[in-house]
Structures are given as C-alpha cells and as structure tokens.
Amino acid sequence: MTVGIVLLPISGRWRIIGIMKDGINQCGGSGIESVDHFDGVGIVRIRPVVNKVEIKRAKRLIVEQIPHLADIEFPKRPVEDDGTLRPLFIGAFSKDGLIGAAFVTPGIQAAQSFLGYFSASAGAYQCAELVRRTVAEVEGIAVVDEYRRRGVALALKRYIDAWAADHGACLVLSVPTNEAARGLNEKSGHRVLEPDVLLMLQVVYADGGPCSLPFALERGQEAGYSCWAFLPIAKPGGMSVRAGQCPSVASSPGVSGEEYFAVKWETRDGDGNWIATTSRLRGVRADVMD
Numbered sequence: 001m002t003v004g005i006v007l008l009p010i011s012g013r014w015r016i017i018g019i020m021k022d023g024i025n026q027c028g029g030s031g032i033e034s035v036d037h038f039d040g041v042g043i044v045r046i047r048p049v050v051n052k053v054e055i056k057r058a059k060r061l062i063v064e065q066i067p068h069l070a071d072i073e074f075p076k077r078p079v080e081d082d083g084t085l086r087p088l089f090i091g092a093f094s095k096d097g098l099i100g101a102a103f104v105t106p107g108i109q110a111a112q113s114f115l116g117y118f119s120a121s122a123g124a125y126q127c128a129e130l131v132r133r134t135v136a137e138v139e140g141i142a143v144v145d146e147y148r149r150r151g152v153a154l155a156l157k158r159y160i161d162a163w164a165a166d167h168g169a170c171l172v173l174s175v176p177t178n179e180a181a182r183g184l185n186e187k188s189g190h191r192v193l194e195p196d197v198l199l200m201l202q203v204v205y206a207d208g209g210p211c212s213l214p215f216a217l218e219r220g221q222e223a224g225y226s227c228w229a230f231l232p233i234a235k236p237g238g239m240s241v242r243a244g245q246c247p248s249v250a251s252s253p254g255v256s257g258e259e260y261f262a263v264k265w266e267t268r269d270g271d272g273n274w275i276a277t278t279s280r281l282r283g284v285r286a287d288v289m290d
C-alpha cells in the first residue's frame, strides 16, 4: 500500500490537492492525472523514505536542525510496512530532492512510562503493548531554509496524522521545543499544553470506561522550552488510549481534607470538535484514581 500527498503552489502558497492511497485520491480533489498538467514544476510529494540514501539525508536534515535528537537510535534501513506503527522517516521531495523530513515512532516512550508505574499490576504488559501499538510519537520535523514558510512542515504534520491513523494509531504525541513548533501543532489541530502541566494518558475501553489507572509522561528539557501536544486521530473499535492534562500542583481539597488533582481528558467527536471531561486523582503522585 502506498500513501502520498501532492501539493501545488497556488498564489504563492502550498495547497494539498490530494492524498493518494494505492493510486486513488482520498481527498475528493484532483487526481494524479491533473497534477501532470503542471509539468512537475513546484510540486512537492510527501511520502515515506524508501532506501538507505534517503534515510541518511533525512536523518542529517533533522539532526542539523534539531541537535538534541542526535542521540536517538534512528533506523538505518527502511522497515517493511506490515500495517502497524513502526519507526519511520517521512520525506518531502521537490525537484531539488529532499527538502523536508520527519521522524515518527510507535509509542515506545509512552509504553515504558506505563510500565514504570504499573509493571507489577495484572495485565500491565498487555496494556503497555496496546499503548505502543496505538500511540504515535513524532520525534521531529525539519525543512530546509529556502522552503520554510511555504506550508511544507504543515503538510508533513498532516501526513503523519493520516499515516498514523492508517496504521492503527488512535493518538499522536509530540513535544514542541520552540514557538514555531508550537504554532505548527496548533495550526494542524493538535492540542498544545502549557509547559507547567502534565500530559496524562489512560488505557480505556471502547465505551470510554477506564481499563487502567492514569499515568503521566515526562519530557526532557534538553532544548530549553518544551511542552506536550497531542491529537486523537481515530475512533477505535476497542481498547484505546486517551490523553489529557493535569496541573503540576494540587488543585482542590477533597471532602476528607485530602488534596486532589483534576485531570481534564480531551477527545474529539466525528466532526473534529473537542470534548472535555474531568476526573480527579488523589495524592501528589497523580497515579491513583479517586
């Protein structure tokens, strides 16, 4: 299965005219034949990288622009697409070659955090595997200087969301480390949290009922400023992972005098509207549900 996005320069900007899946346009726009009328000038195609040379170039671009990612263990060769999330470089290609790149992984960090809280609990490893399979983590997006402010990064971001949903994800996470990255996430519809709140995750059943206790994800501060961003991307048919935010200090006293954290869970309906619900957590560890 091949998925690609085609963009055309219209009035000096870039517009997505089609998401191509197995050669079929998925966006109701012009098909691939109409792109040929532009003779290939100014066209940017976004797709997974396909060989070692493209991987090397994508890695170099990302590490040059986001130096703190240099220690990540990047794949050295393409991983076969088996329909599930996998470590993946996604490239933006123009007539000049690779002009943008992104790196996305399964929810490895989220799964490790889950086990850090609940490894001794029954069913913990099954839940951690669900987290790994259904949470996509965006490690970084980079665009060469001369193609910035043309919508290429936004197209990469939207492609990641579409690709992740097509590969079994219900949630996409990322960590913006500057105002430009924060704005990119906001423009693409992701919920961006403030730096002083915790990102909370919870494994839930199809009806939204809790299957696990909530747990917090940590984030590094190697690049200085950072915050969490997330987007629910699919309505799952079974168990899934929901995301929300929690203040980093106790927010209100309980009836018995205990202090509680309020967790604001956020999902989206079929029209893309955000829906918020609130639950309470007891104690400073924020890992015990009331």
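Using UniProt numbering, read the sequence shown as starting at 1 and increasing by one per residue.
From the three backbone atoms N, C-alpha and C, an ideal C-beta is built for every residue, glycine too.
Exposure of residue i, with buried meaning 16 or more beta-carbon neighbours within 10 Å
i, result
"GLU54", "buried"
"ILE275", "exposed"
"LYS187", "exposed"
"ASP145", "exposed"
"ASN273", "exposed"
"ALA70", "exposed"
"LYS52", "exposed"
"LYS59", "buried"
"ILE19", "Bear in mind that a pLDDT of 46 at ILE19, under 50, signals an unreliable position, so the number given afterwards is only what the model happens to contain. Buried."
"THR278", "exposed"
"SER119", "exposed"
"SER174", "buried"
"ARG182", "buried"
"ALA104", "For the record, residue 104 in the displayed sequence is Val; it is not Ala. By the neighbour-count rule (16 or more Cβ atoms within 10 Å), VAL104 is buried."
"VAL79", "exposed"
"ARG150", "buried"
"ARG242", "buried"
"GLY270", "exposed"
Under 7 Å between C-beta atoms of residue i and residue j
i, j, result
"HIS190", "LEU85", "no"
"VAL49", "PHE89", "yes"
"GLY238", "ALA206", "yes"
"LEU171", "VAL138", "no"
"SER240", "CYS127", "no"
"THR267", "PRO232", "yes"
"ALA92", "VAL44", "yes"
"GLY100", "LEU156", "yes"
"ILE62", "GLY140", "yes"
"LEU184", "TRP228", "no"
"ALA165", "ALA234", "yes"
"ALA102", "ILE66", "no"
"THR177", "SER121", "no"
"GLN245", "VAL203", "no"
Limits of the unbroken beta strand (DSSP E) element including residue i
i, result
"ARG148", "It is not in any beta strand (DSSP E) - ARG148 carries neither H nor E in the DSSP assignment."
"ALA136", "135 to 143"
"PRO247", "240 to 247"
"VAL175", "Element bounds for VAL175: n/a, residue is neither H nor E."
Start-to-end residues for the alpha helix (DSSP H) that takes in residue i
i, result
"residue 309", "The requested residue 309 is not part of the displayed model; the chain covers only 1 to 290."
Near the ligand ATP: residue i beta-carbon under 6 Å from a heavy atom
i, result
"THR105", "Of ligands this structure carries none, so the ligand ATP is not represented either."
### Query
Is the region 178 to 196 close to the region 97 to 110, with three or more CB pairs under 8 Å?
No: the two stretches stay apart, fewer than three of their Cβ pairs being nearer than 8 Å.
### Query
Of all the alpha helix (DSSP H) runs that stay within the bounds of the region 46 to 129, which reach a length of 4 or more residues?
You should have 52 to 65, 108 to 118.
### Query
Which ranges does the beta strand (DSSP E) cover as unbroken runs of at least 3 residues, wholly within the region 190 to 236, from first to last along the chain?
If we require 3 residues or more, the beta strand (DSSP E) runs fully inside the region 190 to 236 come out as 197 to 204, 215 to 217, 229 to 232.
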